[in-house]
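Below: the structure, in structure tokens.
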Amino acid sequence: MGFSALAVAAELPLHYSSVNKNGERFLCQQRRHGHIRYCKKPVSCNIKSNITAAATSSDNTATTGSTSSSSCGGKVLEIKEIRERCKKWLWKGQFSINYFVSCNSDSQSNPGPPLLLVHGFGASIPHWRRNIDTLAKNYTVYAIDLLGFGASDKPEGFSYTMEAWAQLILDFLDEVIQKPTVLIGNSVGSLACVIAASDSSQTLVRGLVLLNCSGGMNNKAIVDDWRIKLLLPLLWLIDFLLKQRAIASSIFERVKQRDTLRNILLSVYGNKESVDEDLVEIIRGPACDEGALDAFVSIVTGPPGPNPVTLMPGISIPILVLWGDQDPFTPIDGPVGDNLRSNLF
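Numbering follows this note's numbering, in which position 157 of the sequence shown is assigned residue number 154; successive positions increment by one, without gaps.
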């Protein structure tokens, strides 16, 4: 489970990391109160600066008011505006997938690659409302609701897997964007992007930006973390209880209550001012849809999926990693963060 690193982790701006002019693989680490940042070269400096600007703007403005401007000129999009501008795409001829696209005259004339934003657990397109406008100044920006989230379908009986979401992303690139694209994912969205990029047959993933990358679809993926080992009996019990429909429904109803969601968000957001009614509604609204309970149970109790640690060494495209060093759900000193910091670059 996770919340957007662009809107969660930092309360102070990122430092820029140095650039290896030879384009070699190396680790750039800079730490300032809220972020650890890693780069696998070569990385487009223009994309790096735009992502950093979006991250900085996210935490320097509160979300009260749609016209709030970021430090780099981007506005916070209204939820209503995002929903009105969203489009639909039919995946596999049967599943309606919700997506958003934003660009301006500068981004249309810019030869840079399009960007695709992929949200994390429990989130949806409006979760990027502070980032889209800043990024769209220089790039055509797409955002997608993964199957089971947001305004996308939540089909009855569907078995949610990381591999299915990765295939959805690849099919979206092929059928909708139709250009080599930089994928920007948060939490499980990051992992879905990593899996998509690891497909040796794909040619449409041009780069990756990973925000607090998850180790799996759920916590079963990181059993090597001592914190998870301590909780394993509890996780097994939760799995068992969630497979009992009446119990699962009761738990889910409590989790999606406004006060409960607000408290969860306050526990993970570095900038408490960001936890407003809009943010609570972004999470809560889709959770009230038909099929949301089934999606929740399938995701929490299902297989964790491929481990990013085993996939990353085989990926040769540019990668930028951003991490909030106080993330309680996907800690920087957990198995994935430690591996990226110590071994990959």
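The beta carbon of each residue, even a glycine, is placed where N, CA and C say it ideally should be.
Original post:
For the candidate residues K84, D322, D142, whose alpha-carbon lies nearest to that of G182?
Top reply: Position 185 of the sequence shown, counting from 1, holds the residue named residue 182. Among K84, D322, D142, the Cα nearest to that of G182 is on D142.
Subject >> Among I279, E172, I314, nearest to P123 - alpha-carbon criterion >> reply: Taking the sequence shown and counting its residues from 1, one reaches residue 123 at position 126. Ranking I279, E172, I314 by Cα distance to P123 puts I279 first.
Original post:
Excluding sequence positions up to five away, which residues of its chain have a Cβ less than 6 Å from the Cβ of G204?
Top reply: Numbered from its first residue, the sequence shown carries residue 204 at position 207. Once the five neighbours on either side are set aside, the close Cβ partners of G204 are V179, I314, P315.
Original post:
Near L263, which residues of its chain fall below 7 Å by C-beta distance, leaving aside the five closest residues on each side in sequence?
Top reply: Stepping through the sequence shown from its first residue, residue 263 is reached at position 266. Excluding sequence neighbours, L263 sits near K269, V272.
Original post:
Just how far apart, CA to CA, sit K134 and F97?
Top reply: The count along the sequence shown starts at 1 and reaches residue 134 at position 137. The count along the sequence shown starts at 1 and reaches residue 97 at position 100. Between the alpha carbons of K134 and F97 lies a gap of roughly 15 Å.
Original post:
Nearest-angstrom Cα distance between A289 and S187?
Top reply: Position 292 of the sequence shown, counted from the first residue, corresponds to residue 289. Position 190 of the sequence shown, counted from the first residue, corresponds to residue 187. A289 and S187: Cα-Cα distance of roughly 21 Å.
**OP:** Taking only runs that begin and end inside the stretch 271 to 304, name each unbroken alpha helix (DSSP H) of 4 or more residues, in chain order.
**Re:** Fully enclosed alpha helix (DSSP H) runs of 4 or longer: 274 to 284, 289 to 298.
Subject >> Chain-order list of residues whose beta-carbon lies under 6 Å from that of V138 (same chain, five-residue window excluded) >> reply: Numbered from its first residue, the sequence shown carries residue 138 at position 141. So the qualifying residues of the chain are S99, L112, I129, L132.
Original post:
Using the rule of at least 16 other Cβ atoms within 10 Å of the residue's Cβ for burial, across every protein chain shown, is I174 buried or exposed?
Top reply: By one-based count along the sequence shown, residue 174 stands at place 177. With 16 or more other Cβ atoms within 10 Å, it is buried.
Original post:
Any idea if Q26 is buried or exposed, counting beta-carbon neighbours within 10 angstroms, 16 or more meaning buried?
Top reply: As a position in the sequence shown, residue 26 is number 29, starting the count at 1. Any reading at Q26 must be qualified, since the residue scores a pLDDT of 31, below 50, and its modelled position is unreliable; the value itself is stated next. Around the beta carbon of Q26, a 10 Å sphere encloses fewer than 16 other beta carbons of the protein chains shown; the residue is thus reported as exposed.
Original post:
From the DSSP output, which residues share a beta bridge with T178?
Top reply: Residue 178 sits at position 181 when you count from the first residue of the sequence shown. Answer by DSSP bridge pairing, in chain order: V202.
Subject >> Proximal residues to S339 (C-beta, below 6 Å), its chain only, five neighbours per side dropped >> reply: Counting from 1 along the sequence shown, the entry for residue 339 is found at position 342. Closer than 6 Å at Cβ, skipping near neighbours: no residue.
**OP:** Would you please verify whether the beta carbon of F118 is less than 8 Å from any beta carbon of chain B?
**Re:** In the displayed structure, chain B is absent; only one protein chain is listed.
Original post:
With distances taken from CA atoms, which of D171, G145, V333 is nearest N304?
Top reply: Taking the sequence shown and counting its residues from 1, the one referred to as residue 304 is at position 307. Out of D171, G145, V333, V333 has the C-alpha closest to the C-alpha of N304.
Original post:
Counting Cβ pairs, one atom from each stretch, are 3 or more of them under 8 Å apart for the stretch 281 to 295 and the stretch 195 to 211?
Top reply: Taking 8 Å as the limit for Cβ pairs, the verdict is that the stretch 195 to 211 does not touch the stretch 281 to 295.
Original post:
Residue range of the alpha helix (DSSP H) that A148 falls in?
Top reply: Locating residue 148 in the sequence shown gives position 151, where the first residue counts as 1. It is not in any alpha helix (DSSP H) - A148 carries neither H nor E in the DSSP assignment.
Original post:
Using the beta-carbon count (16 or more within 10 Å), is A189 buried or exposed?
Top reply: Sequence index remark: in the sequence shown, residue 189 carries index 192 (1-based). It counts as buried.
Original post:
Distance, Cα to Cα, W88 vs D168?
Top reply: In the sequence shown, counting from the first residue as 1, residue 88 sits at position 91. In the sequence shown, counting from the first residue as 1, residue 168 sits at position 171. The C-alpha of D168 is placed about 8 Å away from the C-alpha of W88.
Original post:
Closest by CA to M309, which one among C285, L258, G71, C210?
Top reply: To locate residue 309, count along the sequence shown from 1; it is residue 312. Residue C210 is the option with its Cα nearest to M309.
Original post:
Mind checking whether I94 and L208 have CB atoms under 8 Å apart?
Top reply: For the purposes of this step, residue 94 is identified with residue 97 of the sequence shown, where counting begins at 1. For the purposes of this step, residue 208 is identified with residue 211 of the sequence shown, where counting begins at 1. In this structure, I94 keeps its C-beta atom at 8 Å or more from the C-beta atom of L208.
**OP:** Could you work out which residue in C83, L258, F146 is closest to V294 when comparing CA atoms only?
**Re:** Here residue 294 refers to the residue found at position 297 when the sequence shown is read from its first residue. Of the candidates C83, L258, F146, the residue whose Cα lies closest to the Cα of V294 is F146.
**OP:** Identify whether V333 lies in helix, strand or coil by the three-state DSSP scheme.
**Re:** If you number the sequence shown from 1, residue 333 lands on position 336. Correct three-state label for V333: helix.
Original post:
Based on the DSSP secondary-structure assignment, which residues constitute the bridge partners of K85?
Top reply: In the sequence shown, the residue the question calls residue 85 occupies position 88. Answer is N95.
**OP:** Could you spell out where the beta strand (DSSP E) holding L263 opens and where it closes?
**Re:** Walking along the sequence shown from the start, residue 263 turns up at place 266. Careful: L263 lies outside any beta strand (DSSP E), inside the alpha helix (DSSP H) at 255 to 265.
Original post:
Sorted by chain position, which residues of the same chain lie with C-beta nearer than 8 Å to P325's C-beta, five sequence neighbours on each side aside?
Top reply: Reading the sequence shown from its first residue, position 328 is the one you call residue 325. Excluding residues within five positions, the ones whose Cβ falls inside 8 Å are S264, V265.
**OP:** Could you give the DSSP three-state label for K352: helix, strand or coil?
**Re:** In the structure as shown, the chain begins at -2 and stops at 342. Residue 352 is therefore absent and cannot be evaluated.
**OP:** Please list, in chain order, all residues of the same chain as K84 whose beta carbon is under 6 Å from its beta carbon, the five residues on each side excluded.
**Re:** As a first step, residue 84 must be located in the sequence shown, where it is residue number 87. Excluding positions up to five away in sequence, the list reads Y96.
Original post:
For A194, which of helix, strand or coil comes out of DSSP?
Top reply: In the sequence shown, counting from the first residue as 1, residue 194 sits at position 197. Reduced to three states, the DSSP call for A194 is helix.
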